[in-house]
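For the sequence shown, my numbering assigns the number 1 to the initial residue and increments by one for each residue that follows.
The beta carbon of each residue, even a glycine, is placed where N, CA and C say it ideally should be.
These figures come from a predicted structure and were not determined experimentally.
Input: a single structure, listed below in structure tokens.
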Amino acid sequence: MEHTPALEKKLIQFSGIKPTGSLTLGSYLGAIKNWTELCEEYESFFCVVDMHSITIRVDPALLRRNAMEQLAYYIACGLDPEACTLFIQSHVPAHAELSWVLGCYTMFGELSRMTQFKEKSAKNADNINGGLFTYPVLMAADILLYDTDVVPVGEDQRQHVELCRDIANRFNGVYGETFKLPRAILPKVGARIMSLTEPDHKMSKSDDRDPGSVLLKDPDDVIMRKFKRAVTDCDSERCVRYDPENKKGVANLMSIYAAVTGKSFSEIEREFDGKGYGVFKPAVGEAVCGVLRPIREEAGRLLADRTYLDSVCAAGAEKAERASRRILSKVYKKVGFLPRPR
Ligand code: TRP
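Here it is as structure tokens:
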């Protein structure tokens, strides 16, 4: 038979971001930009994982607003709702349903070892709830429901994707081949964009007022101010050289500049040879403004057209619902739930 590549099934990518706070430059460079690049090659599902947001207390009105804004930014960043499935997690009930089943195949010890759980429970000592603990199980359900092959995420989520594989593998071991085993893919540059004020910490999106975080919705003057105030290192040489061990702040700015311009670290070192941080920092700011401006403007246009965003949401939920039902019924059958008579 003749080889017909057009009919070959594409591999599947799935990813998501929590709508807590606004998307940042870190979300864009560390995740969304990478997703858009893989869209050609993969069948794609991108989720606004609002159910993951309530492990900490959030204002309901703010959660709704952030979820819709995030969907608009997904599109503005280049994810085409015609070409990929964009949807809100809470619109598709199979996520919560599969999550319960998978929780019964996930060990207490495994969940206790998750770095993010340890960090978050240290930070929220007065609210270490069950959802915070089983968060990675819901994430595993997100991924496994779509027969996902690859999960493009930042470095900090690698451990959760590995746990997802372990859960899938364990389930397959008991019930026979049910889930595909997904793997994380990390972006080359920009996997870990750090805070501009505390380069030891990841750029956070949970606090919109954090001066170390550049938000996708920040206007140019705010972006420039944040970069001019970015922490560089108090070493004596004051030159632009890539040394992530000893010059964390500069290395982070170089990563950002590399990611937005496509230049290599050695090209950047040459460009700013003898020029010092006072020239370098605003140059990074300008380059970032150039990339974020069209995204911000497009998101603004989209957010003014609520009818369109609602239609994207509805169509995405329908596609996701259809895809996820298939796997969920397979799982329900395998574990022995009595089919509902119709
Ligand atoms: N846990 C991810 C984060 O904090 C968000 C997330 C939830 C996710 N479900 C997912 C990422 C599924 C990839 C795939 O960033």
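Taking its Cβ as the centre, do 16 or more other Cβ atoms sit within 10 Å of residue 209, making it buried, or is it exposed? Numbered from 1 along the sequence shown, position 209 holds the residue referred to as residue 209. In this structure residue 209 is exposed. Its beta-carbon is surrounded by fewer than 16 other beta-carbon atoms within 10 angstroms.
Buried or exposed by the 16-neighbour rule on C-beta atoms within 10 Å, applied to residue 338: Walking along the sequence shown from the start, residue 338 turns up at place 338. Here residue 338 is exposed: its Cβ has fewer than 16 other Cβ atoms, across all protein chains shown, within 10 Å.
DSSP has residue 340 in a bridge; who is on the other side? On the sequence shown, residue 340 is found 340 positions in, with the first residue counted as 1. Residue 340 pairs with nothing; no bridge assigned.
Which value, in whole angstroms, describes the spacing of the CA atoms of residue 180 and residue 138? Counted from its first residue, the sequence shown places residue 180 at position 180. Counted from its first residue, the sequence shown places residue 138 at position 138. Near 17 Å, if we compare the C-alpha coordinates of residue 138 and residue 180.
Endpoints, the beta strand (DSSP E) within which residue 184 is located: Counting from one through the sequence shown, the residue named residue 184 turns up at place 184. Unbroken beta strand (DSSP E) run through residue 184: 183 to 185.
By DSSP, does residue 180 sit in helix, in strand, or in coil? On the sequence shown, position 180 is the one that residue 180 refers to. Reduced to three states, the DSSP call for residue 180 is coil.
As assigned by DSSP and simplified to three states, the class of residue 107: Within the sequence shown, the letter at position 107 stands for residue 107. Here residue 107 sits in coil by DSSP.
Beta-carbon proximity of residue 79 to residue 140, cut-off 7 Å: Locating residue 79 in the sequence shown gives position 79, counting from the first residue. Locating residue 140 in the sequence shown gives position 140, counting from the first residue. Pairing residue 79 with residue 140 gives a Cβ-Cβ distance that is not under 7 Å.
Helix, strand or coil: which one does DSSP assign to residue 322? In the sequence shown, residue 322 corresponds to position 322, counting from 1. The answer is helix: DSSP assigns residue 322 an H, G or I state.
So if DSSP puts residue 47 in a beta bridge, which residue, or which two residues, is it bridged to? Start at 1 with the first residue of the sequence shown, and residue 47 comes out as number 47. DSSP, once it has assigned bridges, lists 16, 87 as partnering residue 47.
Which ranges does the beta strand (DSSP E) cover as unbroken runs of at least 3 residues, wholly within the stretch 135 to 181, from first to last along the chain? Segments of the beta strand (DSSP E) lying fully in the stretch 135 to 181: 150 to 152.
Please classify residue 43 as buried or exposed, where buried requires at least 16 other C-beta atoms within 10 Å of its C-beta. Along the sequence shown, read from residue 1 onward, the residue named residue 43 stands at position 43. Taking a 10 Å sphere around the C-beta of residue 43, we find 16 or more other C-beta atoms and assign the residue as buried.
Starting from residue 239, follow the alpha helix (DSSP H) in both directions and report where the run begins and ends. By 1-based counting over the sequence shown, the position of residue 239 is 239. Note, residue 239: premise wrong, no alpha helix (DSSP H); not H, not E.
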